[in-house]
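Worksheet: the structure to be examined is printed underneath.
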Amino acid sequence: MEFEILGNKDTRSGFGEGLAELGRTNPDVVALCADLTGSLKMDAFQKENPDRFFQAGIAEANMIGLAAGMTIGGKIPYTGTFANFSTGRVYDQIRQSVAYSQKNVKICASHAGLTLGEDGATHQILEDIGMMRMLPNMTVIVPADFNQTKQATIAIAEHNGPVYLRFGRPVMPIFVKPDAKFVIGKADVLAEGTDVTIIACGHLVWKSIEALAILKEKGISAELINMHTIKPLDVQAILTSAAKTGCVVTAEEHMMNGGLGEAVSQVLSRELPCPQEYVAVNDSFGESGTPMELMTKYGIDTQDVVNAAMKAIARKG
Amino acid sequence: MENSALEKVASQVRRDIVRMVSAVNSGHPGGSLGCADFLSFLYFEQMSFNAESFDMDGIGEDLFFLSNGHISPVWYSVLARAGYFPVAELATFRKLSSRLQGHPSTDKKLPGIRMASGSLGQGLSVAAGAAQVKKLTGDKGIVYTLHGDGELQEGQIWEAAMYAAANNVDNLIATIDYNGRQIDGDVEDVMSLGNLAQKWLAFGWEVLEMDGHQFEDIRAKMTAAKALCGKGKPVVIIMKTEMGQGVDYMMGSHKWHGVAPNAEQLSAALAQLEESLGDY
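As given, the protein sequences belong to chains A and B, one line each in that order. Under our numbering, think of the first position of the first sequence as 1, with each following residue one higher. Under our numbering, think of the first position of the second sequence as 1001, with each following residue one higher.
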């Protein structure tokens, strides 16, 4: 397996490009932002569609309510702010006015997780996937790189219902082909293997690709699944792979509680009990630092994926 | 509509309210009774809508959002009496599998409801968003909301108030049920709203004050509010009401905010309210 690096960009820029393209192709798409237009890369949409761009100011609760209201009349609102302010700050607004009311709102969340970096723990939300996947009617998507974030941004406009789209700040390698088709709920098997299944989302997909090479040197054949949709989960992809390899590693830039790993373990415990190891933040807030320093310190780096894979394999007995 | 006809609607709506909450020994009669005149006027005279074929998008229609969702009994009764769904369905209020949930919801597809409410403070934002889409698409419909006065303690209301004024959302008419009561007591004692009219003025809204139990005044102020639409500012109506209006023993305190009358109390209430359109 060869992974060609197609470039290096941040996933938030993928969102910005996807939104700009939607602005040109779908007149029903409107966008709202809470004073972070530049950070979310929403400038192009704003410039090209000033009448369909709504500046909500630093008032996220109101922004979610506005977006819910804008679906009445047939618009498809995309809200943009940091992941922390997209979820924890407005959980009740999302719960009542979006999820319970089944409104076609796309909650687009940047700067998720530790890789927000130097701003520190106040802004580094690690609980958002958990909060969003607990909500009935909510689709939860965590794309892996720039290209996939752009593709997902465009794809969710065609899905009628609430979506949480999570992406980030750091520049990371691009490996998803620019013409790949994004299908909600359909995982991408990036590498086939026989000894262990690595199921990753977001920035941890690239870290897992790096881990594959190290594992290969150790003579370990790892299968890698990019689980870009956390909900609805591609159960068949998990079961097919775990049946073949007999053990699983989940890897995510999120709290162990409530994240991708827990979603996968729900499937395995009922359908196919087997060893599972978690690469995730273990019940801790983050801190200031560079994105890569933080990933290392909090145990969600390449070597952590390698170690987890070795441990999972050892537990197969 | 003649005032006498509106009074008949409101009287029947009040009967529906007390019967609905008494039947399941739960619900919120006080605020519901207080808003019966206003909502009767809104649906039987003020708004333009299509009750027979309810459509979520409501294109070309006026829209109404109930932000203080706990007074669902009055809204359900008015919706049924206005033709959105059979009045017999009022008997299912708060019962298992009913479309008439304790607080309004969209998931059971009750015609007339476009947004869940109950967790307070969210309706003004929703209404502002819906109103902006109407402006964006050249839809002349007006968006109406109703809020409790205690609900104004929620910060999101003021986020929405600031936004609507800053963005000239001038096809939006919000009404405040200014009955001065909330669950724990008088609003003045729980947390004073201060000078409410001055607050809204300072936020950049047109402010009207209205007696919520006099149809002449309701008509005059609602007509004035509509005439203010399209002139650059959102409009708020501070509507003075009496919690429990129409049932003597429920008036004058906050105690009937969320308490249902028992059988004896129900009889006493119904004796004061004319069955003008036929009970469900």
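Note that the Cβ used here is the ideal one computed from N, Cα and C, for glycine as well.
Residue 293/A - partner residues in DSSP beta bridges: For the purposes of this step, residue 293/A is taken as residue 293 along the first sequence, with counting starting at 1. According to DSSP, residue 293/A bridges with nothing at all.
Neighbour list for residue 75/A in chain B, Cβ cutoff strictly below 7 angstroms: Reading the first sequence from its first residue, position 75 is the one you call residue 75/A. 1133, listed in chain order.
The region 1145 to 1164 of chain B: positions lying closer than 8 angstroms to chain A by Cβ: 1155, 1156, 1159, 1160, 1162, 1163
Positions along the region 1103 to 1115 of chain B whose CB lies within less than 7 angstroms of some CB in chain A: 1105, 1106, 1107, 1114, 1115
For residue 90/A and residue 64/A, believed in contact at Cβ under 8 angstroms, the rounded distance: As a first step, residue 64/A must be located in the first sequence, where it is residue number 64. As a first step, residue 90/A must be located in the first sequence, where it is residue number 90. Between residue 90/A and residue 64/A the Cβ distance is about 5 angstroms, and since that is below 8 angstroms, they are a contact.
Top-ranked residue by Cα proximity to residue 1144/B, from 1037/B, 1137/B, 1130/B, 1135/B: Stepping through the second sequence from its first residue, residue 1144/B is reached at position 144. If we check each option's Cα against that of residue 1144/B, 1130/B comes out closest.
Member of 185/A, 173/A, 176/A whose CA lies at the smallest distance from the CA of residue 165/A: For the purposes of this step, residue 165/A is identified with residue 165 of the first sequence, where counting begins at 1. Cα-wise, what sits closest to residue 165/A is 185/A.
Pairwise C-alpha distance: residue 268/A and residue 235/A: As a first step, residue 235/A is located in the first sequence; it is residue number 235 there, counting from the start. As a first step, residue 268/A is located in the first sequence; it is residue number 268 there, counting from the start. So the alpha carbons of these two residues sit roughly 9 angstroms apart.
Of the listed residues 220/A, 118/A, 181/A, 183/A, nearest to residue 192/A (C-alpha basis): Residue mapping note: residue 192/A aligns to position 192 of the first sequence, counting from 1. Nearest of 220/A, 118/A, 181/A, 183/A to residue 192/A, Cα basis: 220/A.
Under 7 angstroms from the C-beta of residue 982/B: neighbouring residues of chain A: With chain B represented from 1001 up to 1280, any question about residue 982/B goes unanswered, as that position is not in the structure.
Length of the line joining the Cα atoms of residue 1151/B and residue 36/A: On the second sequence, residue 1151/B is found 151 positions in, with the first residue counted as 1. On the first sequence, residue 36/A is found 36 positions in, with the first residue counted as 1. So the two alpha carbons sit approximately 29 angstroms from each other.
Contacts around residue 208/A, its chain only, beta-carbon distance under 6 angstroms, and the 5 residues preceding and following it disregarded: Against the first sequence, residue 208/A aligns to sequence position 208. Closer than 6 angstroms at Cβ, skipping near neighbours: 198, 200, 224, 251, 305.
Short-range partners of chain A found in the region 1047 to 1062 of chain B, where Cβ spacing is below 7 angstroms: 1056, 1057, 1058, 1059
Interface partners of residue 1130/B on chain A, CB under 8 angstroms: Taking the first residue of the second sequence as position 1, residue 1130/B is located at position 130. Those are 69, 70, 72, 73, listed as they occur along chain A.
Nearest residue (CA-CA) to residue 1148/B, options 1157/B, 1002/B, 1053/B: Residue 1148/B sits at position 148 when you count from the first residue of the second sequence. When only C-alpha atoms are compared, the closest one is 1157/B.
Delimiting residues of the beta strand (DSSP E) encompassing residue 243/A: Within the first sequence, residue 243/A is the residue found at index 243, counting from 1. Counting along the chain, residue 243/A falls outside any beta strand (DSSP E), though it belongs to the alpha helix (DSSP H) covering 235 to 245.
Sequence ranges, beta strand (DSSP E) only - wholly within the region 1216 to 1246 of chain B, length at least 3: 1235 to 1240
Straight-line Cα distance separating residue 1041/B from residue 1012/B: For the purposes of this step, residue 1012/B is taken as residue 12 along the second sequence, with counting starting at 1. For the purposes of this step, residue 1041/B is taken as residue 41 along the second sequence, with counting starting at 1. Roughly 13 angstroms between the two C-alpha positions.
Per-residue burial, residue 1025/B [other beta carbons within 10 Å of its own, 16 or more giving buried]: As a first step, residue 1025/B must be located in the second sequence, where it is residue number 25. Classification for residue 1025/B: exposed.
Residue 128/A (DSSP reduced to helix, strand or coil): By 1-based counting over the first sequence, the position of residue 128/A is 128. It is helical.
Boundaries (first-last residue) of the alpha helix (DSSP H) holding residue 150/A: By 1-based counting over the first sequence, the position of residue 150/A is 150. Run containing residue 150/A: 146 to 155, per the alpha helix (DSSP H) assignment.
Nearest-angstrom Cα separation, counted from residue 1108/B out to residue 139/A: Residue 139/A sits at position 139 when you count from the first residue of the first sequence. Residue 1108/B sits at position 108 when you count from the first residue of the second sequence. Roughly 20 angstroms between the two C-alpha positions.
Best match in 195/A, 238/A, 261/A for proximity to residue 272/A [C-alpha to C-alpha]: Start at 1 with the first residue of the first sequence, and residue 272/A comes out as number 272. Closest by alpha carbon: 238/A.
Cβ-based burial, residue 41/A [other Cβ within 10 Å; buried from 16]: Here residue 41/A corresponds to residue number 41 of the first sequence, with the count starting at 1. With 16 or more Cβ atoms within 10 Å of its Cβ, residue 41/A is classed as buried.
Residue 77/A - partner residues in DSSP beta bridges: Residue 77/A sits at position 77 when you count from the first residue of the first sequence. Paired residues: 30/A.
Nearest residue (CA-CA) to residue 97/A, options 1128/B, 1117/B, 1051/B, 1270/B: Working through the first sequence from its first residue, we reach residue 97/A at position 97. Out of 1128/B, 1117/B, 1051/B, 1270/B, 1117/B has the C-alpha closest to the C-alpha of residue 97/A.
Beta bridge counterpart(s) of residue 1195/B as assigned by DSSP: Against the second sequence, residue 1195/B aligns to sequence position 195. Its beta-bridge partners do not exist; DSSP assigns none.
Beta-carbon contacts of residue 48/A that lie in its chain and below 8 angstroms, excluding the five residues immediately before and after: Here residue 48/A corresponds to residue number 48 of the first sequence, with the count starting at 1. Cβ neighbours of residue 48/A beyond the five flanking positions: 20, 23, 24.
Test item: CB-CB of residue 279/A and residue 300/A under 7 angstroms: Position 279 of the first sequence, counting from 1, holds the residue named residue 279/A. Position 300 of the first sequence, counting from 1, holds the residue named residue 300/A. Yes.
Within 7 angstroms, strictly: CB atoms of residue 144/A and residue 205/A: As a working note, residue 144/A is residue 144 in the first sequence. As a working note, residue 205/A is residue 205 in the first sequence. Taking 7 angstroms as the Cβ cut-off, residue 144/A and residue 205/A qualify as a contacting pair.
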